[in-house]
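Data first, discussion second: the structure below is written as structure tokens.
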Amino acid sequence: MANKAILLFSLLVLFLGLSGLSDATKYKKLVGIYELRKGDFSIKVTNWGATIISVVVPDNKGNLADIVLGYDSIRSYVNGTYYFGALVGRVANRIAGARFTINGTPYRLYRNNGNNSLHGGHRGYNAVIWDVKEKVDGDSPYITFYYHSFDGEQGFPGDVDVYVTYKISHDYKLAVTMHAKPGNKLTPINLAQHSYWNLGGHSSGTILNHRVQIFASHITPVNSELIPTGQITSVDNTPFDFRKPVTVGSQISQVEGGYDINYVVDSTPDELGLRKVAVVEDSRSGRVMELWANQPGVQFYTGNFLNGTEGKGGAKYMQHDGLCLETQDYPDAVHHANFPNEIYGPGQAYEHLMLYKFSARK
């Protein structure tokens, strides 16, 4: 059962949440849960939203725990609003006014965050059924999901073929590869993996005592709607300075609501183009997570809007019970010429690589 889909839903059950798909697609696709395992390291994923459901790793005493927040049922993921573990797009984060222009042509998007578009609209890539293209067990198990994003989906121009692969590449290393290729029009693409991490275990309470280091000396400040102003400012002498490891809670009272900001990653790329983005450590369990990626930014979010939602095993997830590190292009880049480009056209490929390295310190 561990190597097969262990939970299947007919699209008759999911019909109301899947408007926009053809009738044939609605009735043929199924949602499943799939496991990858290497020794005592395992993850579970689902093709609903290409979502990470669980990541189980040992602590410094060998005790196993699931360290990502989430739900017990696919139905809860369908109805959820927190993007637990999801692959978000076509454009992650916010687009101001839910509109943009490419070469003089205006496009209007679905507004799902006040006047703005968030994580691709009300039915972004987190809220669709992906195809399971390949699943391989063995020494380096992996699974690849595929989604065809159609021209006009949530207002975005052009067709895009999107792939994401989750792979246990070595002991306690999880690689995430996102690949997207436009078909016929220029379009913005900015994908992100939206897992909420708690290295003490998903139900262990606050992450305010987690020590975090982010390899970034600048942020992209935002306005009251969490839309970037277009500035790029230093973290010097601010509560956003995580260049040296500090606990999340040490300065969070100086940030209204908690952290929810894009950092400009400035570490040196390795031979694969990956840069060290962040290190997170839980002193109680000894668990450590390193994050490497090839993207220019990372959104640091401290679960500010969690308000007691019921998660796995009946856990109640409260504010700051999980943190996100979403590697990405800068938010709202379509409106800021000084931000890295996120417009891709036919013949161009979007490549987003992430590598999580887990360990445990005594």
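Its first residue numbered 44, the sequence shown is counted upward by one per residue in our numbering. Every residue gets a Cβ at the ideal spot worked out from N, C-alpha and C, and that includes glycine.
Check, Outcome
"Segments assigned beta strand (DSSP E), at least 3 residues, entirely inside the segment 82–107", "84–89, 94–101"
"Assigned exposure category for Ala380 - 16 Cβ within 10 Å defines buried", "exposed"
"Start and end residues, beta strand (DSSP E) containing Ile117", "That residue, Ile117, is in no beta strand (DSSP E); its alpha helix (DSSP H) goes 117–122."
"Beta-carbon gap between Tyr215 and Phe127 smaller than 8 Å", "no"
"Endpoints, the beta strand (DSSP E) within which Pro225 is located", "216–225"
"Distance between beta carbons of Val207 and Met221, contact taken as under 8 Å", "5 Å"
"Supposed close pair Ala403, Gly329 - CB separation, criterion 8 Å", "4 Å"
"Enclosing beta strand (DSSP E) for Gln371 [first to last residue]", "367–371"
"Lys210: first and last residue of the uninterrupted beta strand (DSSP E) it sits in", "203–213"
"Gln338 beta carbon less than 8 Å from that of Thr370", "yes"
"Residue ranges of each beta strand (DSSP E) within the segment 238–283, 3 or longer", "254–257, 259–263"
"Separation of Gly164 from Pro288, as counted between CA atoms", "35 Å"
"Chain-order list of residues whose beta-carbon lies under 8 Å from that of Met44 (same chain, five-residue window excluded)", "Here Met44 scores only 40 on pLDDT, less than 50, and its place in the model is too uncertain to base an answer on."
"Contact test: Gly201 Cβ vs the ligand MG heavy atom, cutoff 7 Å", "Absent from the structure shown: the ligand MG. Ligands present: none."
"Inter-residue spacing [alpha-carbon to alpha-carbon] between Ala93 and Glu177", "13 Å"
"Closest by C-alpha distance to His253, when choosing among Tyr168, Thr272, Gly365, Phe283", "Gly365"
"Between the CA atoms of Glu314 and Leu130 - distance to the nearest angstrom", "26 Å"
"Strand pairing of Asp109, partner residues [DSSP]", "Val99"
"Distance between Val134 and Arg166 (C-alpha atoms, nearest Å)", "12 Å"
"Nearest candidate by alpha-carbon position, reference Asp372, set Val98, Asp284, Tyr306", "Tyr306"
"Extent of the continuous beta strand (DSSP E) to which Val291 belongs", "First-last for Val291: undefined, no H or E at that position."
"From Thr281, Gln297, Ala358, residue whose alpha carbon lies closest to that of Asn241", "Ala358"
"Complete runs of the alpha helix (DSSP H) confined to the segment 114–196 [at least 4 residues]", "117–122"
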